[in-house]
Amino acid sequence: MSRIRRFNLRTLSKLLLLVAAMFAFGYAMVPFYNAFCEFAGINQLGDRESAIIARNTQVDKSRTITIEFDANGRGPLRFQPEHSSMQVHPGQMATINYEVANEKPYQVRAQAIPSYVPALAASYFNKIECFCFTEQTLQAKEAKEFPVVFVVDPKLPKDVNTITLSYTFFDLGTAPKVGTESR
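In this text, residue positions in the sequence shown follow the working numbering: the first is 6, and each later residue adds one.
Structure representation (structure tokens):
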């Protein structure tokens with residue numbers, strides 16, 4: 006075997022190993038992220054503690070917080086909140102609906118990830134029901150409405166009057182079936 010051929014085979018094997026490592030890293034990110042969120046105490050959805058907090062919270066009618074809703078759809082998805090904002094009192098349970106639509110003629114798997122501004126609001130924004138962090142399947146041309154039920158903790162610092170809840174809905178890369186339109 007020539008020296009150049011051996012060099013090429015070694016390079017190819019290193020590249021294949023790198024691709025396998027990158028795939029394994031990407032695959033491991035979801036459980037790692039979930040474990041980190043559980044450890045940090047953020048984005049705990051639908052857990053018993055959040056429901057208990059929501060039931061036992063006194064509504065602070067002396068304060069009003071503006072919640073702004075933002076939606077970003079990636080890939081073939083159209084994604085939007087029912088309202089761009091709402092006023093809530095700390096401790097008051099509120100619901101906002103988001104609509105997501107698959108605009109392609111094939112099934113799509115997708116997932117939403119939330120973020121908050123200011124970032125410290127994440128600790129005080131208790132979601133009781135949420136579609137985020139759960140893979141969603143939308144059939145061809147299907148639209149669905151997803152509720153987010155939440156309570157803003159009355160312990161939110163007094164200088165925070167506005168919270169922006171932003172979701173990004175990612176297409177998880179389902180390939181179209183044979184005979185359908187490509188992306």
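Glycine is no exception: its CB is placed at the ideal position from the N, C-alpha and C atoms.
All figures in this text were calculated on a predicted structure; none of them were measured in a lab.
Hey, how far is the Cα of Pro123 from the Cα of Tyr129?
If you number the sequence shown from 1, residue 123 lands on position 118. If you number the sequence shown from 1, residue 129 lands on position 124. Taking the straight line joining both Cα atoms gives about 11 Å.
DSSP state of Tyr111 mapped onto helix, strand, coil
Locating residue 111 in the sequence shown gives position 106, where the first residue counts as 1. In the structure shown, Tyr111 sits in coil (DSSP, three-state: anything other than H, G, I, E or B).
Do Ala76 and Pro86 have their C-beta atoms within less than 8 Å of each other?
One-based indexing of the sequence shown puts residue 76 at position 71. One-based indexing of the sequence shown puts residue 86 at position 81. The answer is yes: Cβ separation under 8 Å.
Just confirm the distance between the C-beta atoms of Arg79 and Phe175, as a whole number of angstroms; I'd bet it's less than 8 Å.
Here residue 79 refers to the residue found at position 74 of the sequence shown. Here residue 175 refers to the residue found at position 170 of the sequence shown. About 5 Å; that satisfies the 8 Å criterion.
What number of angstroms, rounded off, separates the C-alpha of Leu22 from the C-alpha of Arg11?
If you number the sequence shown from 1, residue 22 lands on position 17. If you number the sequence shown from 1, residue 11 lands on position 6. Straight-line measurement puts the Cα of Arg11 at about 16 Å from the Cα of Leu22.
Any idea what DSSP makes of Arg5, helix, strand or coil?
What the structure shows of the chain is the stretch from 6 to 188, and residue 5 is not part of that stretch, so it cannot be assessed.
May I ask you to list the residues that DSSP assigns as paired with Thr69?
Start at 1 with the first residue of the sequence shown, and residue 69 comes out as number 64. Paired residues: none, contrary to the question.
Leaving out the 5 sequence neighbours to the left and right, which residues in its chain are closer than 6 Å to Tyr172 when beta-carbon positions are compared?
For the purposes of this step, residue 172 is taken as the residue at position 167 of the sequence shown. Only Ala76, Ala117 and Pro119 meet the Cβ criterion.
On the three-state DSSP scale, how would you describe Pro119?
Here the question's residue 119 lines up with position 114 in the sequence shown. Strand at Pro119.
I think Val105 touches Glu134, with their Cβ atoms under 8 Å apart; what is that distance to the nearest whole Å?
In the sequence shown, residue 105 corresponds to position 100, counting from 1. In the sequence shown, residue 134 corresponds to position 129, counting from 1. Contact doesn't hold; Cβ gap of about 16 Å is too wide.
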